[in-house]
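Each remark here refers to the structure printed beneath this line.
Protein chains: 4
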Amino acid sequence: MDTYSEFKWYADQLAEVARWAYRNGWAPGTSTNYSMRLPCKAAPALCVITSSGVDKETIDSNHVLTVDCHGQPLGEENLTPSAETALHLMLYRATEAGAVLHTHSLAATLLSRTAQSQGHLTISGWELLKGLEGVTSHQNEVSLPIFSNSQDMEGLATLIEPRLVAAPRCYGFLLSGHGLYVWGKDIWAAKRHLEVFEFLLQCEREVRSYGNATSPR
Amino acid sequence: MDTYSEFKWYADQLAEVARWAYRNGWAPGTSTNYSMRLPCKAAPALCVITSSGVDKETIDSNHVLTVDCHGQPLGEENLTPSAETALHLMLYRATEAGAVLHTHSLAATLLSRTAQSQGHLTISGWELLKGLEGVTSHQNEVSLPIFSNSQDMEGLATLIEPRLVAAPRCYGFLLSGHGLYVWGKDIWAAKRHLEVFEFLLQCEREVRSYGNATSPR
Amino acid sequence: MDTYSEFKWYADQLAEVARWAYRNGWAPGTSTNYSMRLPCKAAPALCVITSSGVDKETIDSNHVLTVDCHGQPLGEENLTPSAETALHLMLYRATEAGAVLHTHSLAATLLSRTAQSQGHLTISGWELLKGLEGVTSHQNEVSLPIFSNSQDMEGLATLIEPRLVAAPRCYGFLLSGHGLYVWGKDIWAAKRHLEVFEFLLQCEREVRSYGNATSPR
Amino acid sequence: MDTYSEFKWYADQLAEVARWAYRNGWAPGTSTNYSMRLPCKAAPALCVITSSGVDKETIDSNHVLTVDCHGQPLGEENLTPSAETALHLMLYRATEAGAVLHTHSLAATLLSRTAQSQGHLTISGWELLKGLEGVTSHQNEVSLPIFSNSQDMEGLATLIEPRLVAAPRCYGFLLSGHGLYVWGKDIWAAKRHLEVFEFLLQCEREVRSYGNATSPR
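Chains as they are written, first to last, in our numbering: chain U, 68 to 284; chain R, 68 to 284; chain S, 68 to 284; chain A, 68 to 284.
Shown next as structure tokens:
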């Protein structure tokens, strides 16, 4: 990247979103990770990403590092990239994501297990769906794939990548018992997508528990 | 309007209520919109209204514009009025509302679908009903009509308007899977009505899920 | 009362507790009211009490007034005492309360209706009961009477008073569909009792909804 | 301990964690208690611990005292150590804990009663388990023993101690109707363990209420 101040700008944006996720209760116990794709001119740097094991209540730009397309750290910060870096890199390959946010909310964690046998969560009939890029009506259907959790991140990435390439209006997936991955064309779109999905997951969790939502009209 | 400072006062009030709604969790993902009727002397300006697609966590008076009774922007701000402006204008025609607030809380969104087949939500037996203008006893019945959602705002407005004209003590309605509209004689009454309805919707949501509230006495 | 500064101290304490209750979500839509008994030397002033219809998010000592044992305002503030002043006065007659707090939480409002037919809520088996004055074991039973709501406050006071005189370890009651009254020997005890009851009401609400708590041991 | 400033450092850390627990809603009504083991050179002082009956919203280092291995206060602060000091001392004997945190969240209090007959809560299949020291996969099983509550703290300690000695990856237990004890090698690990357990208890509470989580994979 050209200058330190440019890196600092990315790292500050990312840390701010991470602290916001913590305040919302979506990042307990040093869990969750966040990244932003860098412009081409920054190559071989591919993205900035949060380092492993940091408390998101107080994370700042000192806990953010740059990695290349193999997940190798490029800076001199002596930080370890998130253990889930492979999933972020996969998303930058498979989609046009400008930012990737991975959170552990209660609703996402629960639904990822209770709906796991269906393989995906289909969401429709909610006006807030229009907060997702390219969705123009509450009647559109959005699908959130659900994958089994694993500690083998490279293996998971290999499994998930073909499912996402060319999937229309797909901005997220669930890992069972683990949490939610969302992305967007830039950090603001990704943040909005996260807020939209978290709200919709709360809606779906309650509808599926009590079982009496009417069909969307 | 006479002066910039008067417009600024309205815009500041409106933005403050919008940020308050966000803090309460009722305005996720750039959703929701808010307006205040202007005094007659401001004609042809009818109301100030929030612009489209703004994050309500950080909205300020720069994201508020004035429109006439056809929803046409009047200022030089180069802002797009909310996509739901037609519903606000309809409410200023059909009622004496001084302010209109449209939010997306979890309780409103859920009940608007689970109770949709009944066409309305009848609320009674709760002391907090007295927070609504003109309600003097917990035994009064307040009805919240529920309408099917639509992306055709002009069509929705035409459908809803005759239902509201002359409805006694009606300060809100639900759009199915979408959210809640409330109003009041001024911004403070509208804000109080919003807080009252949000509380009562939480009560109703829980009573209807567990099904064992006794009749009001 | 002797001096303005002494009144100000009481009024500040009361307003601070009211704002705290609002932050906890227990005082929506200008509802709820609060009072503190004054020392004997302040006679004929009996207590300070919040005025009617004030938003508790921003209440301060300017919204607090003194009343005598008939509920007549004594100061020059030109404020109207809370519509429920008669219940506060009754509690100062029937008990040794130094402060009375009346709130509208979701748990209190819901349980006051769902358990109304039993006439009271008996709470036992929770360690937090020891937060109530004189309760020394989680095995003690605490009873929270539930009364039908009414708009006739004098009538309600007459009905409730004989039930409270000499009731051991009784620091609160519920009004059906309305909310919770709690008291304590001073404002700090009353505040602690409120926090304890609100927590226990949440426990009871969930146990009674899902129905599988074992007996206390 | 060598110096006042060293004691102050421990007391400040402890009070900060206590206020954080309060903000999370895990410390209502002056309940809960917290301690940190002191280094060997501080003998006969064993740990710093919060004093009895303090409001955790505003607790500071003035409400923290040092005790020896019999729970006797060593400083000149004239404070009474927490009524549950015996359980903290037992944990410092039975485990290598560097800090012990005891909280009263809604989820912990409820599950401690609803699952009491099983004698323990077995937690598995959640990625967040990896936030516990030594847990490397979501497929690991973590057991949280549940003990009957008692007002005899010495008796409780005698009952619990043999169950914990040599229990692998055990960082907490529940007291029925009372709350959660957690610990860790230092205050930061204990705090992370608390946040992890509170999240997992919320997951388990919901899964057990609605009953349809699939098995972990």
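For each residue, glycine too, the CB sits at the ideal point set by N, CA and C.
Because the structure is a prediction, the values reported are computed rather than measured.
DSSP, reduced to helix, strand and coil, places S/I227 within a helical segment of the structure shown. If you draw a straight line from the Cα of A/P111 to the Cα of S/K108, it comes to about 52 Å.
In the DSSP annotation of this structure, S/R236 is not part of any beta strand (DSSP E), being labelled neither H nor E. Within 8 Å of the CB of R/H187, no CB atom of chain U is found; the nearest one sits about 14 Å away. Annotated three-state conformation of R/V134 is strand, per DSSP. Within the same chain, and ignoring the five residues on either side of R/E200 in sequence, the residues whose Cβ sits closer than 8 Å to its Cβ are R236, Y238, G251, K252, A256, H260.
The DSSP assignment places 131 to 134, 166 to 170, 187 to 190 as complete runs of the beta strand (DSSP E) inside the region 124 to 192 of chain R, in order along the chain (cut-off: 3 residues). For the region 206 to 218 of chain A, the residues whose beta carbon sits under 8 Å from a beta carbon of chain S are, in order, S215, N216, Q218.
Between R/I126 and R/A82, the C-beta gap is smaller than 8 Å, which places the two residues in contact. Look at the region 159 to 173 of chain R: the residues with a C-beta under 9 Å from a C-beta of chain U are H171, L173. By the beta-carbon neighbour count (other beta carbons within 10 angstroms, threshold 16), U/Y71 is exposed. Counting the other CB atoms within 10 Å of its CB gives R/E151 a total of 16 or more, which places it among the buried residues. Taking 8 Å as the CB threshold, A/G192 lines the interface with chain U. Taken atom to atom, the span from the alpha-carbon of U/D135 to that of U/A182 is near 35 Å.
Spanning the alpha carbons of S/A85 and S/E124 requires a straight line of approximately 8 Å.
As the crow flies, the alpha-carbon of R/T99 is around 5 Å from that of R/H169. Residue nearest to S/L158 within the set S/L231, S/L177, S/G142, S/A88 is S/L231 (criterion: CA-CA distance).
Proximity of chain R to U/V263 at the Cβ level (cut-off 7 Å) is accounted for by P95, G96, in chain order. Burial check for R/T203: the Cβ neighbour count within 10 Å stays below 16, so the residue is exposed. In its chain, beyond the 5 residues on either side, K252 have a beta carbon closer than 7 Å to the beta carbon of A/E163. If the five residues before and after U/Y89 are omitted, its C-beta is found closer than 7 Å to the C-beta atoms of K123, E124, all from its own chain and listed in chain order. DSSP, read as helix, strand or coil, puts A/S102 in strand. The beta-carbon separation of A/V121 and A/T147, rounded to 10 Å, does not stay under the 8 Å limit for a contact. Judged by DSSP secondary structure, R/S72 falls within the alpha helix (DSSP H) whose first and last residues are 71 to 90. Of all residues in the region 249 to 263 of chain S, only R259, E262, V263 come within less than 7 Å of chain A when Cβ atoms are compared, listed by chain position. Listed along the chain, the chain A residues whose CB falls inside 9 Å of the CB of S/V274 are L177, R180, T181. Under the Cβ distance rule, S/G246 counts among the residues neighbouring chain R, one pair being separated by less than 8 Å.
Neighbours of S/C270 in chain A, taken as residues whose beta carbon is under 9 Å from its own, are L173, T176, L177, R180, G244 in chain order.
Under the 8 Å criterion on CB atoms, R/G239 is classed as non-interfacial with respect to chain S. In the assembly as shown, S/T225 is an exposed residue. Its beta-carbon has fewer than 16 other beta-carbons within 10 Å. Counting C-beta pairs closer than 8 Å gives fewer than three between the region 208 to 219 of chain R and the region 128 to 144 of chain R, which falls short of the contact rule. In the three-state DSSP reduction, R/G96 falls in the coil class, being neither helix nor strand. U/I116 and R/L267 have their C-alpha atoms roughly 43 Å apart.
Annotation: the continuous beta strand (DSSP E) that includes R/G251 extends over 246 to 251.
By the CB criterion at 8 Å, S/G192 and S/H205 fall inside the cutoff.
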